Structures are given as C-alpha cells and as structure tokens.
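Undergrad: Numbering (UniProt numbering), first residue to last: 1 to 387.
In this text, a Cβ means the ideal position worked out from N, Cα and C, and glycines have one as well.
Quick caveat: nothing in here was measured; it's all calculated off a predicted structure.
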Amino acid sequence: MKIATLAALVASVPAVSAQLHALAKNAGLLYFGTAVGPGDSRDAPYYALSNDIKNFGQYTPDNAQKWDATEPQRGRFQYTQADAIVNRAIANKMIMRCHTLVWYSQLPSWVSSGSWTKDTMTSVMQTHISNVMGHFKSKCYAWDVVNEALEDNGTYRNNPFLKALGDSYFALSFKFAAAADPDTKLYYNDYNLEYFPVKADGAVRIVKLVQAAGVPIHGVGLQAHMTVGRTPSRSNLTWTLEKYTSLGLDVAYTELDVRIKPLPSNSSSLQAQAKEYEAIVGSCLDVPRCVGITVWGFGDAHSWIPQTFPGAGDSCLFDKNSKPKPAFSSVSAILASASGKRVPWGSKPTSLVSATSVVATSAPVVQTTVVMLPSKTSTKVAVTSVA
Ligand SMILES: *[C@@H]1O[C@H](CO)[C@@H](O)[C@H](O)[C@H]1NC(C)=O
Ligand SMILES: *[C@@H]1O[C@H](CO)[C@@H](O)[C@H](O)[C@H]1NC(C)=O
Ligand SMILES: *[C@@H]1O[C@H](CO)[C@@H](O)[C@H](O)[C@H]1NC(C)=O
Numbered sequence: 001m002k003i004a005t006l007a008a009l010v011a012s013v014p015a016v017s018a019q020l021h022a023l024a025k026n027a028g029l030l031y032f033g034t035a036v037g038p039g040d041s042r043d044a045p046y047y048a049l050s051n052d053i054k055n056f057g058q059y060t061p062d063n064a065q066k067w068d069a070t071e072p073q074r075g076r077f078q079y080t081q082a083d084a085i086v087n088r089a090i091a092n093k094m095i096m097r098c099h100t101l102v103w104y105s106q107l108p109s110w111v112s113s114g115s116w117t118k119d120t121m122t123s124v125m126q127t128h129i130s131n132v133m134g135h136f137k138s139k140c141y142a143w144d145v146v147n148e149a150l151e152d153n154g155t156y157r158n159n160p161f162l163k164a165l166g167d168s169y170f171a172l173s174f175k176f177a178a179a180a181d182p183d184t185k186l187y188y189n190d191y192n193l194e195y196f197p198v199k200a201d202g203a204v205r206i207v208k209l210v211q212a213a214g215v216p217i218h219g220v221g222l223q224a225h226m227t228v229g230r231t232p233s234r235s236n237l238t239w240t241l242e243k244y245t246s247l248g249l250d251v252a253y254t255e256l257d258v259r260i261k262p263l264p265s266n267s268s269s270l271q272a273q274a275k276e277y278e279a280i281v282g283s284c285l286d287v288p289r290c291v292g293i294t295v296w297g298f299g300d301a302h303s304w305i306p307q308t309f310p311g312a313g314d315s316c317l318f319d320k321n322s323k324p325k326p327a328f329s330s331v332s333a334i335l336a337s338a339s340g341k342r343v344p345w346g347s348k349p350t351s352l353v354s355a356t357s358v359v360a361t362s363a364p365v366v367q368t369t370v371v372m373l374p375s376k377t378s379t380k381v382a383v384t385s386v387a
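1. Would DSSP call F298 helix, strand or coil?
2. Based on Cα-Cα distance, which residue from Y47, G33, F32 lies nearest to G39?
3. As a quick exercise: from P216, S322, S267, E242, pick the residue whose alpha carbon is nearest that of L285.
4. Assuming L165 contacts K93 (C-beta within less than 8 Å), just tell me the rounded distance between them.
5. Mind the definition here: the segment 204 to 215 touches the segment 167 to 181 only if three or more C-beta pairs lie below 8 Å; say whether that holds.
6. The beta strand (DSSP E) spanning W103 covers which residue range?
7. Do you know how far the Cα of S109 is from the Cα of F77?
8. Identify, in the order they occur along the chain, each residue of the same chain with its Cβ nearer than 8 Å to the Cβ of Q271, setting aside the five sequence neighbours on each side.
9. Out of P197, T227, T100, which has the shortest C-alpha to C-alpha gap to D62?
10. Are there any heavy atoms of ligand 2 lying less than 8 Å away from the beta-carbon of W239, as far as the coordinates show?
11. Can you tell me where the beta strand (DSSP E) holding T238 begins and where it ends?
12. Within the present structure, is the beta-carbon of Q197 separated from the nearest heavy atom of ligand 2 by less than 8 Å?
13. What are the start and end residues of the alpha helix (DSSP H) that includes Q307?
14. My understanding is that S194 touches L222, with C-beta atoms under 8 Å, so please give their C-beta distance in whole angstroms.
15. For T70, report the span of its alpha helix (DSSP H) as first-last.
16. Which residues share a DSSP beta bridge with H225?
17. Looking at the strands, I want to know which residues DSSP matches up with Y31.
18. What is the DSSP secondary structure of T60, reduced to helix, strand or coil?
19. Going by beta carbon distance, what residues of the same chain come within less than 8 Å of T356, once the five residues before and after it are set aside?
20. By alpha-carbon positions, which one of R205, W103, I293, Y253 ends up nearest to W67?
21. D83 lies in the beta strand (DSSP E); which residues open and close that run?
22. In terms of DSSP beta bridges, what is F318 paired with?
23. Just curious, the alpha helix (DSSP H) that K185 is in, first and last residue?
24. Identify, in the order they occur along the chain, each residue of the same chain with its Cβ nearer than 7 Å to the Cβ of H21, setting aside the five sequence neighbours on each side.
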C-alpha cells in the first residue's frame, strides 16, 4: 500500500478523544452531563469546561428550580436564575434535565409549616407544578417530579405531601406534571437506591402506584452519591437498574459523585475512586434503557460534599484546579470501550433540546490554571450517610 493511501486511510478514522459527552454519545447514551449553578462563572477554567459540549451535553440546575427558588411565597413565581441556566443550555445546544418539583427539602416555610387539608395541598401542588413546568415547557428533556420520598429502610418519608394526601401524592404529582408538559420524561429520583435493596424496592412500589393509577411515569433517577470503598460492584448496580427497566422505565444516574474519606486523598484512594466511577458508568452501559449520566458538579473546588459530609471530599472527576483525575481517565476509557457497541435507546429529546450530535475530535482536554473559590451554594440538605 502506498504511503499516501495509508495516510488518507488514517486521516479518515475518527480520532478518539477523552471528552465525556462525545464518548458517551458514541457509546449510545443520550448525554453525559453535569449539575450547574449561578456561581460557576466565577471560576473561569471551570466555567469554560462546563460550557464545552464535547465534555458535557446536559445540564441540571443544582438549586435554581427547587421550590424555595421558584415559589418562595405562595403564588409568587420567579425564574431568573433558572432561566439563566436554561439559556446557557440553549446557547450550547445542550439537553436540560430539570430538577425538581415535589421534595420535602428546600421547601419554603409557607409549604412546610402550613396546615393543609387534602384539597388545599392538592391545589398547592397543582399550582406549583403547572406554573414551573409551564414556564419551562418544551425546554426540559426530563423532569424529576418527585424527589427523595423514601427513607433508607424503604418506608415513605414523612413530609407535608404524605401528611396531607397519603401515598396518593405520588400519582397526583405525576398527573399534574403530565398535564403541564406532555412531552417531557417524568422521573422519580432518589439516593441510596444503589446501596439498599429495601430502598430500591420502595421506589419500585412508588412506580407501581403511579402506573396503577394510569398516570405516566417514564424513568427512575439514581442519584449515585457514592463513597469510595462502599460502591457496589458493576453487576450489582446493573441488577438495581434492571429493577426499573423491567417495569418499562428508563433509568439514569442523575447526581453522581464518589467521595473520599479520610482526606487527604492519595494515589491509592484516587485509583480506588477511578475503579468505582468505572463500575457505575459501566453499569449504565450494560443496561439499554440507561439514557445518561449526570455528575453533581465536576470539580473538587466546587463540590457540595465537604460542607455536607465533614471530613469527606475530592469526589469529582476533576481536581481543585479543574485538571482531570484518574477517575476522568477511567470514565473516558470505559465509555470509549463501548463505542459503537451499544444500541442507542430510542427516546430522543424533542424540540430545542434535541441531542446535538457531537463528533469526537482530537482536541485536547481544556487545561486550566489554579482558581480557588469559596464553595458554591449547595444548600441541598445532607443525604443520609451510609454507615
Ligand atoms: C424507617 O426509618 C425511619 C427513619 O429513620 C424511621 O422513622 C422508621 O421508624 C423506620 N421504619 C421501620 C419500619 O423500620
Ligand atoms: C447486591 O447487593 C445487595 C446488598 O448487598 C444484595 O442484597 C443483593 O443480593 C446483591 N445482588 C446481586 C445480584 O449481586
Ligand atoms: C492512602 O490513604 C489511606 C486512607 O487514609 C491510607 O489507609 C493509605 O495507607 C494511604 N496510602 C498511601 C499509599 O499513602
């Protein structure tokens, strides 16, 4: 073969790069995404990475769409911060996962300390859901409709919705959501489903309640706030995902991070973390209806973990200087190994959030300089630590 021909052949082979969303698309996922917040732009290298669709093809607002942000007083709706994030996604041609509607936490006191009857709570929920989803109509690929409704032992968490309505609040929430935006995917979202089979089965019960009411539910989001040394095996994680896909649902990892304790991390804990990230991403690749993976931020300087779990941290794919860690390499490698091997799940986003086709290029991962910031607001309340 002539050299010139060989060179032409080589040039026609798409270069593989370590860029998460591009690799995820090639592996048949809809997206690899990240949570984003209003403070991101204060760290220029971090912000640049967050706007790079080759790495992140999907956003979840960390706090901006929660009840206390969108309806702080009854009937007074505000969307400035959330609009800014959605507009970033539109400008970047990224998918939005929208988050969240019915949740016990970051709930304004007018809801949490109100005294509600069945009828008044129904009206409060319907008004909130229809306004918020109506405002973002056709801009969200998916919505986390009900969030964290379970205790780790699988019982229903006591909250104002359960108190007023009993377990009928699940189907009601999804019913109001389906009416407000019939084209978005409606999810139940929770943490520790990966760790506790009894909690995972609680989510199965919720799904079945909604389905039995004849109301649409399309997916279960597994938050995947994991801890190094305790992450289940890839096959065990796959087994959990299949609990939900066997009910006809999509699944997604929605808030992934893998925290290290004790700090400081060292080469062995960072390698263990890389292996555990690989198992989690691998389990998604093993399940045809696992649509995508979202990390809850991607830089150790901005994670919510150190504030919420004192003594734990370094939970992200990039370090405090936005430089890729071993976990970034292991996630890239496992995604690359699935390239072309996995049949993409058919549920495509609609309208403006159409999954932008991203071609892997040989462009290098953005290299960054040191910027340390105070932790971004992540007022999310502590999730139960796994003992
Ligand atoms: C489940 O856990 C919650 C929260 O810790 C607790 O209040 C409840 O009593 C537990 N229920 C059972 C049946 O163990
Ligand atoms: C996964 O782990 C849980 C908890 O340890 C266990 O109960 C379950 O049997 C495991 N399942 C599989 C398929 O390994
Ligand atoms: C890394 O940190 C862990 C946890 O503190 C410790 O047990 C281990 O000995 C350290 N390993 C190295 C190579 O320093």
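TA: On the basis of the data shown:
1. Translated into positions along the sequence shown, residue 298 becomes position 298. Three-state DSSP puts F298 in coil, outside helix and strand.
2. As a position in the sequence shown, residue 39 is number 39, starting the count at 1. The option with the nearest alpha carbon to G39 is Y47.
3. As a first step, residue 285 is located in the sequence shown; it is residue number 285 there, counting from the start. Ranking P216, S322, S267, E242 by Cα distance to L285 puts E242 first.
4. Taking the first residue of the sequence shown as 1, we reach residue 165 at position 165. Taking the first residue of the sequence shown as 1, we reach residue 93 at position 93. Not a contact, Cβ separation roughly 39 Å.
5. Contact between the segment 204 to 215 and the segment 167 to 181 is present, because at least three Cβ pairs lie under 8 Å.
6. As a first step, residue 103 is located in the sequence shown; it is residue number 103 there, counting from the start. Residues 95 to 103.
7. By one-based count along the sequence shown, residue 77 stands at place 77. By one-based count along the sequence shown, residue 109 stands at place 109. Counting only the Cα atoms, S109 lies some 15 Å from F77.
8. Counting from 1 along the sequence shown, the entry for residue 271 is found at position 271. Taken in chain order, the residues that qualify are P326.
9. Walking along the sequence shown from the start, residue 62 turns up at place 62. In terms of CA proximity to D62, T100 leads the group P197, T227, T100.
10. Sequence index remark: in the sequence shown, residue 239 carries index 239 (1-based). Checking the Cβ of W239 against ligand 2 gives yes.
11. On the sequence shown, residue 238 is found 238 positions in, with the first residue counted as 1. Where T238 is concerned, there is no enclosing beta strand (DSSP E), although the alpha helix (DSSP H) it sits in stretches over 234 to 245.
12. Mapped onto the sequence shown, residue 197 falls at position 197. As written in the sequence, residue 197 is Pro, which differs from the Gln given in the question. Correct: P197 has its Cβ closer than 8 Å to ligand 2.
13. As a first step, residue 307 must be located in the sequence shown, where it is residue number 307. First-last of the alpha helix (DSSP H) with Q307: 305 to 308.
14. Residue numbering aside, residue 194 sits at position 194 when the sequence shown is read from its first letter. Residue numbering aside, residue 222 sits at position 222 when the sequence shown is read from its first letter. A small correction: the amino acid at residue 194 is Glu; Ser does not occupy that position in the sequence shown. The Cβ separation is near 6 Å, so the contact holds.
15. In the sequence shown, counting from the first residue as 1, residue 70 sits at position 70. Counting along the chain, the alpha helix (DSSP H) containing T70 begins and ends at 67 to 70.
16. For the purposes of this step, residue 225 is taken as residue 225 along the sequence shown, with counting starting at 1. H225 is bridged to D257.
17. Taking the sequence shown and counting its residues from 1, one reaches residue 31 at position 31. DSSP output for Y31 lists G292 as bridge partner(s).
18. Within the sequence shown, residue 60 is the residue found at index 60, counting from 1. Correct three-state label for T60: strand.
19. Position 356 of the sequence shown, counting from 1, holds the residue named residue 356. Only weak support exists for where T356 lies, its pLDDT of 37 falling under 50; the value from the coordinates is given anyway. Correct list, in chain order: I53, G57, K93, M94.
20. Walking along the sequence shown from the start, residue 67 turns up at place 67. Of the listed residues, the one whose Cα sits closest to W67 is W103.
21. Residue 83 sits at position 83 when you count from the first residue of the sequence shown. Looking at the DSSP string, D83 is not in any beta strand (DSSP E); the run it does join, the alpha helix (DSSP H), is 80 to 92.
22. Along the sequence shown, one-based indexing puts residue 318 at 318. Bridge partners of F318: G299, P324.
23. By 1-based counting over the sequence shown, the position of residue 185 is 185. Taken as a continuous stretch (DSSP letters only), K185 belongs to no alpha helix (DSSP H), being part of the beta strand (DSSP E) at 185 to 190.
24. The count along the sequence shown starts at 1 and reaches residue 21 at position 21. Here the set comprises Y31, F32, I53, K54, N55, F56, G57, V358.
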